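Structure, as structure tokens:
Numbering (our numbering), first residue to last: 64 to 276.
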């Protein structure tokens with residue numbers, strides 16, 4: 064599948080939930096507790112599973128990526144030079160990465176994170192989006208799709224996250240002063256979704272995935 068076909072598949076699945084219903088009944092029927100990292104674990108395993116239903120695609124959850132030197136023969140398909148980020152190499156671990164079975168090139172990187180409107184959570188969302196951008200460049204800047212999903216309770220208004228999403232376009236400056244540039248929009252499309260958790264802390268269903276923006 065090409066990029067547009069993969070995006071169409073993702074959008075259809077999030078809307079209809081065929082894989083969600085068949086493979087993750089705890090998301091759609093039985094419900095899960097909002098305990099520790101349970102929602103996060105279920106969410107990222109679902110997103111990773113979607114990739115495995117697409118011909119020519121495989122996927123991993125919580126796979127670390129980091130800059131590799133080009134003399135190690137990894138090439139730009141795998142990672143850029145560490146020089147782009149200064150002396151310290153940033154290890155980031157996207158919640159889900161999809162790869163091409165044909166040539167092992169990255170197809171999609173994803174983060175799935177809870178969002179509540181408070182300063183601590185705002186900073187966490189910002190960090191997650193910055194990590195996506197770091198992973199994007201560390202994988203060579205040729206990743207066709209970036210997916211960011213945040214979840215929150217139904218009835219809660221987590222607020223506008225456009226300021227944080229704009230980091231993907233505009234880049235950001237690291238604490239050491241190095242600038243990490245934004246994505247190449249000619250190559251890469253990003254999708255932003257909100258997962259609405261219905262129910263209560265003891266029993267949540269995650270059956271509403273809404274595209275944002």
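We treat Cβ as the ideally placed atom computed from N, Cα and C, and that holds for glycine. None of these values were measured; they are calculated from a predicted model.
Problem - In chain order, each beta strand (DSSP E) run of at least 3 residues that lies wholly inside the segment 155 to 228 - result: 159 to 163, 169 to 177 and 208 to 216, all fully within the segment 155 to 228.
Problem - For residue 248 and residue 214, the rounded distance between their alpha carbons - result: Roughly 26 angstroms separates the two Cα atoms.
Handout entry: Beta-carbon contacts of residue 146 that lie in its chain and below 6 angstroms, excluding the five residues immediately before and after
Key = The predicted model places residue 146 with a pLDDT of 43, which falls under 50 and marks its position as unreliable, so this point remains unresolved.
Handout entry: Supposed close pair residue 199, residue 160 - CB separation, criterion 8 angstroms
Key = With a Cβ gap of about 11 angstroms, residue 199 and residue 160 do not count as contacting.
Practice task
Check whether the Cβ atoms of residue 262 and residue 94 lie closer than 7 angstroms to each other.
Solution key: Their beta carbons are under 7 angstroms apart, which means residue 262 touches residue 94 by this criterion.
Practice task
Can you have a look at residue 212 and say buried or exposed, based on whether 16 or more other CB atoms are within 10 angstroms of its CB?
Solution key: Answer is buried; the Cβ neighbour count reaches 16.
Exercise for the section: Below 8 angstroms on the Cβ atoms is my guess for residue 121 versus residue 164; work out the distance and round it to an integer in Å. Expected result: Right, their Cβ atoms sit about 5 angstroms apart.
Exercise for the section: Report the partner residues of residue 274 according to the DSSP bridge assignment. Expected result: Note: residue 274 sits in a beta bridge opposite 256.
Exercise for the section: Report buried or exposed for residue 194, applying the criterion of at least 16 other Cβ atoms within 10 angstroms of its Cβ. Expected result: Only buried fits residue 194, as 16 or more other CB atoms lie within 10 angstroms of its CB.
Problem - Euclidean distance between Cα positions of residue 137 and residue 266 - result: Unreliable positioning characterises residue 137 in this predicted model, as indicated by a pLDDT of 36, which lies under 50. A coordinate reading is not provided.
Practice task
Just mark residue 109 as buried or exposed, buried being the case when its beta carbon has 16 or more other beta carbons within 10 Å.
Solution key: So residue 109 ends up on the buried side.
Exercise for the section: Select from 257, 125, 181 and 179 the residue whose C-alpha is nearest the C-alpha of residue 157. Expected result: Of the candidates 257, 125, 181 and 179, the residue whose Cα lies closest to the Cα of residue 157 is 125.
Handout entry: Nearest candidate by alpha-carbon position, reference residue 179, set 129, 260 and 106
Key = Of 129, 260 and 106, the residue nearest in Cα terms is 260.
Handout entry: Beta-carbon proximity check, residue 202 vs residue 275, cutoff 7 angstroms
Key = No, these two residues do not count as a Cβ contact at 7 angstroms.
Handout entry: Cβ-Cβ separation, residue 70 to residue 113 (assumed contact under 8 angstroms), whole Å
Key = For residue 113 against residue 70, the beta-carbon gap comes to about 12 angstroms, at or over 8 angstroms, which does not count as contact.
Practice task
Output yes or no for whether 7 angstroms exceeds the beta carbon distance between residue 155 and residue 197.
Solution key: If you check the CB distance, residue 155 and residue 197 come in under 7 angstroms.
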